[in-house]
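J.: So that we are looking at the same thing, I have put the structure below in structure tokens.
Numbering (UniProt numbering), first residue to last: 1 to 162.
Listed below in structure tokens is the structure:
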């Protein structure tokens, strides 16, 4: 579980990934708007102190004191497990860190809340997220307009049994 002082590492990982993944999908102004809304000190410190059913806070992967990845999720009112934010440092990808983070959160959601399915929304065209989730057993369910800004494309919703 992340601590409020981890906000800078989380902001760095999330911002670097967001800029890299979405550079060919969204316009630069939109990318920076998302980063300024979700990955600021104020927002992250607040989320790092959260531990509720709706949002479990940020869970971190660390190696020798360096934060290499983070995941945040919750369980909705229908008891469906959700993954809301999930990034692994660009330099640490393809080392099993993402799989480990996802499995840790999945086990928590299943064991603590009895969830039997897990959902994630990924921007259409995401070249890293979509293949990762498919490899982890998620299947495409449906598309909706992006919830942050419908003019920025579609969100692909994936689910899996847990």
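We put the beta carbon where it would ideally sit given N, CA and C, even for glycine.
(1) Locate the beta strand (DSSP E) running through residue 105, then write down its first and last residues.
(2) Within 10 angstroms of its Cβ, does residue 56 collect 16 or more other Cβ (buried), or is it exposed?
(3) Closest to residue 87 by CA distance: which of 99, 76 and 63 is it?
(4) Counting C-beta neighbours from all protein chains within 10 Å, is the total for residue 106 16 or more, i.e. buried, or is it exposed?
(5) So, is residue 140 buried or exposed, given that buried needs 16 or more other C-beta atoms within 10 angstroms?
(6) Between the Cα of residue 19 and those of 31, 8 and 44, spot the shortest distance and give me the residue it belongs to.
T.: By the coordinates alone:
(1) Position 105 of the chain shown holds residue 105. Where residue 105 is concerned, there is no enclosing beta strand (DSSP E), although the alpha helix (DSSP H) it sits in stretches over 97-113.
(2) As a position in the chain shown, residue 56 is number 56, starting the count at 1. Buried, since its Cβ has 16 or more Cβ neighbours within 10 Å.
(3) Within the chain shown, residue 87 is the residue found at index 87, counting from 1. The shortest Cα separation from residue 87 among 99, 76 and 63 belongs to 99.
(4) Counting from 1 along the chain shown, the entry for residue 106 is found at position 106. Counting Cβ neighbours within 10 Å, residue 106 comes out buried, since at least 16 surround it.
(5) In the chain shown, the residue the question calls residue 140 occupies position 140. Classification of residue 140: exposed, given that the 10 Å Cβ count is below 16.
(6) Residue 19 sits at position 19 when you count from the first residue of the chain shown. Residue 19 has its Cα closest to that of 31, out of 31, 8 and 44.
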